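In this note's numbering, the protein residues as written are 2 to 100.
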């Protein structure tokens, strides 16, 4: 995969591009943490990831979501990353360092 194939998009949690990320992350949480996973995935209102105090980014390749995550204000000078996920097929491929 080369950098021209990759597109970063800022979206809302209701955007269809967020669905694969949220489904993949929910599955991983269920496998790792069991019954509490669904509670964790619904712990934050989607509006917490909306501007001006938050954002949700996805990385797509050929129109398919391959990675992404959100951030929300944590304090006056800090943010917290949440819902960070990479498709298993795209892990260990150098995705974060591609230009």
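For every residue, glycine included, the Cβ atom is placed at its ideal position computed from N, Cα and C. Predicted model, so just to flag it, every value in this text is computed and none were measured.
In the assembly as shown, residue 82 is an exposed residue. Its beta-carbon has fewer than 16 other beta-carbons within 10 Å. In this structure, residue 86 and residue 64 do not form a Cβ contact; the two beta carbons are roughly 18 Å apart against a cut-off of 8 Å. Around the C-beta of residue 73, 16 or more other C-beta atoms lie within 10 Å, and the residue is accordingly described as buried. By the Cβ-count criterion, residue 94 is exposed, with fewer than 16 other Cβ atoms from all chains shown falling within 10 Å of its own Cβ.
In this structure, the beta-carbon distance from residue 67 to residue 18 does not fall below 8 Å.
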